[in-house]
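Under my numbering, the first residue of the sequence shown carries the number 4, and numbering increases by one thereafter. We treat Cβ as the ideally placed atom computed from N, Cα and C, and that holds for glycine. Here is the structure we will look at.
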Amino acid sequence: MSTTTPSPSERYRASAERAAEAKTHLGAFAQTLSFELDEFQRQACKSLQEGRGVLVAAPTGAGKTIVGEFAVYLALQRGLKAFYTTPIKALSNQKFTELTEKYGEENVGLLTGDTSINGDAPVVVMTTEVLRNMLYADSDTLFDLGFVVMDEVHYLADRFRGAVWEEVIIHLPSEVQVASLSATVSNAEEFGAWLDTVRGDTDVIVSEHRPVPLWQHVMVGRDIVDLFAGETTFDEIAPAGNPAAAAALPSAPSADDAGTHGFEVNPELLTLSRSESQLNFQGRFGHGGRSQRRQQRQRYGDRPQQETRTAVRRASRPQVIASLDRQDLLPAITFIFSRAGCDAAVSQCVASGLWLTTEREQRIIAQRVDEAGQDIPSDDLEVLGFWNWRDGLLRGIAAHHAGMLPTFKEVVEKLFADGLVKAVFATETLALGVNMPARSVVLEKLDKFNGEAHVDITAGEYTQLTGRAGRRGIDVEGHAVVLWQPGTDPAAVAGLASRRTYPLNSSFQPTYNMSINLLAQFGRPRAREILESSFAQFQADRSVVGLARQVRSREESLAGYAKSMTCHLGDFTEYARLRRELSDAENFSSRSKSRARKSVNEDSLSRLLPGDVVDVPAGRAPGFAVVLSSDHSSREPRPAVLTLESQLRRIGVDDLEGPIAPLTRIRIPKSFNAKVPKSRRDLASSVRNALRENRPPSRGSSRNNDFGLGSALQNQEKKIADLRRALRAHPCHGCSEREDHARWSERWWKLRKETDGLVRQIQGRTNTIAKTFDRVCDVLSVYGYLEAAEEGQQGISTDGQRLRRIYGEKDLLISQALRQGAFGDLDAVEVAAFASVLVYQAKREDRGLRPRMPSVSLETAVDIVVREWSALEDVEEQNKLPLTGEPELGLIWPMYKWARGRHLQEVLNGTDLAAGDFVRWTKQVIDLLDQLAKIPGLDPRLARLCAEAIRLIRRGVVAYSTVG
4 MSTTTPSPSE
14 RYRASAERAA
24 EAKTHLGAFA
34 QTLSFELDEF
44 QRQACKSLQE
54 GRGVLVAAPT
64 GAGKTIVGEF
74 AVYLALQRGL
84 KAFYTTPIKA
94 LSNQKFTELT
104 EKYGEENVGL
114 LTGDTSINGD
124 APVVVMTTEV
134 LRNMLYADSD
144 TLFDLGFVVM
154 DEVHYLADRF
164 RGAVWEEVII
174 HLPSEVQVAS
184 LSATVSNAEE
194 FGAWLDTVRG
204 DTDVIVSEHR
214 PVPLWQHVMV
224 GRDIVDLFAG
234 ETTFDEIAPA
244 GNPAAAAALP
254 SAPSADDAGT
264 HGFEVNPELL
274 TLSRSESQLN
284 FQGRFGHGGR
294 SQRRQQRQRY
304 GDRPQQETRT
314 AVRRASRPQV
324 IASLDRQDLL
334 PAITFIFSRA
344 GCDAAVSQCV
354 ASGLWLTTER
364 EQRIIAQRVD
374 EAGQDIPSDD
384 LEVLGFWNWR
394 DGLLRGIAAH
404 HAGMLPTFKE
414 VVEKLFADGL
424 VKAVFATETL
434 ALGVNMPARS
444 VVLEKLDKFN
454 GEAHVDITAG
464 EYTQLTGRAG
474 RRGIDVEGHA
484 VVLWQPGTDP
494 AAVAGLASRR
504 TYPLNSSFQP
514 TYNMSINLLA
524 QFGRPRAREI
534 LESSFAQFQA
544 DRSVVGLARQ
554 VRSREESLAG
564 YAKSMTCHLG
574 DFTEYARLRR
584 ELSDAENFSS
594 RSKSRARKSV
604 NEDSLSRLLP
614 GDVVDVPAGR
624 APGFAVVLSS
634 DHSSREPRPA
644 VLTLESQLRR
654 IGVDDLEGPI
664 APLTRIRIPK
674 SFNAKVPKSR
684 RDLASSVRNA
694 LRENRPPSRG
704 SSRNNDFGLG
714 SALQNQEKKI
724 ADLRRALRAH
734 PCHGCSERED
744 HARWSERWWK
754 LRKETDGLVR
764 QIQGRTNTIA
774 KTFDRVCDVL
784 SVYGYLEAAE
794 EGQQGISTDG
804 QRLRRIYGEK
814 DLLISQALRQ
824 GAFGDLDAVE
834 VAAFASVLVY
844 QAKREDRGLR
854 PRMPSVSLET
864 AVDIVVREWS
874 ALEDVEEQNK
884 LPLTGEPELG
894 LIWPMYKWAR
904 GRHLQEVLNG
914 TDLAAGDFVR
924 WTKQVIDLLD
934 QLAKIPGLDP
944 RLARLCAEAI
954 RLIRRGVVAY
964 STVG
């Protein structure tokens, strides 16, 4: 391939540009680096230097954080402040360490929810929520702020925390330059256009190029096989700088399409997949399949197990790591979507005798690990699993997940970055920002449990996870390895690897705290305008344009359909309406008969009383029986009965052919015991006597009817008959072209419904954020946080001013707990325990019965907050707002014990909490207590109790993990 040689004038111009750049801040910054800036980095830094904001979207590991570091450098050179915001504390800690090493301890600070180090420094690393809180409090720290770096800005799509990013971007002073750093997203231009709207000049710089080529593989047994045929890397699958090209690729191409879209799946994998399919086909339908199914039914019942068969013997986790080691593909991160799975993987590798470290490396690891553990109380080391963790690290193997102690995770990160730990088993949280690049990334499975169901990972998630492979400046290439599972479709894997659609969609919703802060600072009209400038509304408005275009097109088609169904005998629109009403009524009648019969049958069952003698028409025990116990509360009642054969049964709607009513009644003796055969026989004899004597029911004879079913069905049949008469009497009924007109009418009606649906979508998306804000304000007014002021404006009440300083998902509930005196009778230990109720979120499977409270005062406080939550939920439902989460009581006892000075072992005993989880939730409790203690005008006694509670729980592993 020939290249054009630059002309002398072009060489001179390039030389002049380099000389000019060397005299700028960018030139000086570039001199401090040990590598040449990439073109996208240079472009972004130039934009910042020239006074514009930037959005940089680039793959993981491409080096976009250099742009953020240049923003910090510019601020220091110009005598301004720079804030570097991150979504998670672990990333804040990491960035704080890096910047401190570069600019010195006196110039760099750290602010997270529970940590404050040198907060007045010219460069402060912080979580995004801290900056949001500063903006609402109009903090003095914002003075002289020149740059804000928003690392991992794509977090604004997070449905729980994403709104914070938009709040910060909207509320930052206009003179502040924002450097937004994002993973590769498919709608970067849309996001950049919004930034340009709310922040002023913003350049969008997108790079799809990976500095380290990424190769895709599948591990079949212990063999690593290329996913694509030929030399196909990440950049070649989707053209560099063109995310649209990647988006256009199919998500799961078939083998027949191989090569059509610029890549070809490895034929070896396709052959394996086909042979596996044939094996399973033969197993189910070929020779011997019938006998196998018969054996399965005998073993498992009527539903045979449909396990996918495979000729591939899957490698164990130690074998996978050993294979990677043999091919020089370590260090590697293996993503397992389960904490328990990560810990089990380390145990399996240790048990297999796998060693990945030299004796020299083991000595270095032992020294660092022992240094990390020396400040942890010896009593806590065992419960923290310190010795097992240390044993794994010495071998170069570790886990990394949210259940670990933050300190342990930091040690793993540092040892991995230094090449001492060679294999890390991690959950997907590691992919979200923590800087731990590896030579290889392994995916055990391509599906995960999302809290409700097992779902396939998306192409965006695949890219995020595999993006960790390939260390810039260390590795020549990176490697992504997917483990072959029974049923693996190589074409689908290729689709994931080649399609990087990761759209950034806003999750912005006005909260109580956000709304009351906006009202306090700007008033209601201006607050609505600010909210309408959100990215959420920006996206909704853009979608409305496309919907409106569809509506206009459909309206033109409707006019044509209406013309085609015109009838010279009369109004065919009216005739078509009668036909449609008749069809709907007939369908409804058919469905309602079935539903009504089932409902009436259930109602008749629920009315049966003990002693009623009934005739069961069908089911397992047809015939006469006496009701032993009623079932009023169940949705599908199943009362217990005794048959004439002295058998105990339950009867349900499936045993009935219509409503069931008592034939007679008998008295069941108080001494009757269903477990005693003689008691059953005696009662059955009483039933026979009552039937022979033909006694009428002594009471409740009104139960022996059709429960209104007959009259309801008669009304429906009358409506159908009336519609048929009206249809026959209509002039258009005699039209010779009636059916032709009717076909056009059906098309018109179907299109009308679709068009009306689009119109409703437009109405729903227009001013959606402002409408939600209005409903939030209505709730705040109901609770007295807003009050009438002069000239019809709304003012903020004293309670409203307090709500302005409460940040969290349960902000209004916390404020109500304060307002209703829930904290009133608590001591410091109880305050800590009660605060856990307002922050803790249990996993769905961990939610159980309400525990007994440690004290009467806590019982009272919990009763208050549960009552307030129940009332608040009713108000939110009425106002069509997202519901505030239920107070969770699962952390009360552990927090109570911890605040009383108990050992960690005793605190966690009897719970499913991991030590890392307990530390994380304790820090959130500290954050809430710190917020409460700083509320202006708070009862001084409660402020002192909050401070004392913080002191009681910030100890041991919690205090040791403060920077974490």
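Rounded separation between residue i and residue j - CA only
i, j, result
"residue 899", "residue 944", "20 Å"
"residue 789", "residue 155", "36 Å"
"residue 401", "residue 481", "21 Å"
"residue 622", "residue 657", "7 Å"
"residue 585", "residue 573", "19 Å"
"residue 500", "residue 860", "57 Å"
"residue 836", "residue 895", "5 Å"
"residue 812", "residue 676", "53 Å"
"residue 1", "residue 403", "No information on residue 1 is available, as it lies outside the stretch 4 to 967 that the chain covers here."
"residue 95", "residue 130", "7 Å"
"residue 507", "residue 543", "13 Å"
"residue 430", "residue 932", "30 Å"
"residue 70", "residue 53", "14 Å"
"residue 968", "residue 961", "As shown, the chain starts at 4 and ends at 967. That puts residue 968 outside it, with no answer to give."
"residue 509", "residue 45", "29 Å"
"residue 642", "residue 625", "15 Å"
"residue 671", "residue 618", "18 Å"
"residue 952", "residue 888", "24 Å"
"residue 885", "residue 163", "12 Å"
"residue 405", "residue 416", "13 Å"
"residue 229", "residue 212", "21 Å"
"residue 686", "residue 631", "10 Å"
"residue 820", "residue 912", "29 Å"
"residue 646", "residue 689", "11 Å"
"residue 764", "residue 909", "55 Å"
"residue 16", "residue 204", "28 Å"
Anticipated Cβ contact below 8 Å, residue i with residue j, distance rounded
i, j, result
"residue 841", "residue 902", "Contact doesn't hold; Cβ gap of about 15 Å is too wide."
"residue 591", "residue 448", "At roughly 46 Å, the Cβ-Cβ gap does not stay under 8 Å, so residue 591 and residue 448 are not in contact."
"residue 175", "residue 138", "7 Å"
"residue 918", "residue 372", "Their Cβ separation, rounded to whole angstroms, is 16 Å, which puts residue 918 and residue 372 out of contact at 8 Å."
"residue 422", "residue 493", "Incorrect: roughly 32 Å between the Cβ atoms, too far for contact."
"residue 63", "residue 467", "7 Å"
"residue 383", "residue 907", "4 Å"
"residue 808", "residue 937", "7 Å"
"residue 838", "residue 928", "5 Å"
Check: residue i C-beta below 6 Å from any heavy atom of the ligand GDP
i, result
"residue 172", "This structure lacks the ligand GDP, and indeed carries no ligand of any kind."
Residues that DSSP places opposite residue i in a beta bridge
i, result
"residue 403", "429"
"residue 798", "790"
"residue 336", "427, 444"
"residue 837", "The partner list for residue 837 (beta bridge, DSSP) is empty, contrary to what the question assumes."
"residue 573", "570"
"residue 578", "DSSP, once it has assigned bridges, lists no residue as partnering residue 578."
"residue 112", "127"
"residue 626", "619"
"residue 87", "128, 152"
"residue 180", "150"
"residue 119", "114"
"residue 743", "Paired residues: none, contrary to the question."
"residue 231", "268"
"residue 205", "56"
Legend entry - Segment contact, 8 Å Cβ cut-off, at least three pairs: the stretch 147 to 161 with the stretch 78 to 90: In the pairwise beta carbon analysis, the stretch 147 to 161 is classified as touching the stretch 78 to 90: at least three pairs are separated by under 8 Å.
Inset, instruction - Taking only runs that begin and end inside the stretch 363 to 418, name each unbroken beta strand (DSSP E) of 3 or more residues, in chain order. - result: Taking 3 residues as the shortest admissible run, the stretch 363 to 418 contains the following complete beta strand (DSSP E) segments, listed from N- to C-terminal end: 400 to 403.
Inset, instruction - Could you tell me whether the stretch 347 to 359 touches the stretch 409 to 428, using the rule of 3 or more Cβ pairs below 8 Å? - result: Taking 8 Å as the limit for Cβ pairs, the verdict is that the stretch 409 to 428 does touch the stretch 347 to 359.
Inset, instruction - May I ask you to verify whether the stretch 560 to 567 touches the stretch 724 to 732, counting CB pairs closer than 8 Å and requiring at least 3? - result: no
Inset, instruction - Write down every uninterrupted run of the alpha helix (DSSP H) in the stretch 487 to 548 whose length is 4 residues or greater and which is fully enclosed by it, in chain order. - result: 493 to 501, 515 to 525, 527 to 534
Legend entry - Contact between the stretch 527 to 541 and the stretch 774 to 784 (3+ Cβ pairs under 8 Å): Contact holds: three or more Cβ-Cβ distances are below 8 Å.
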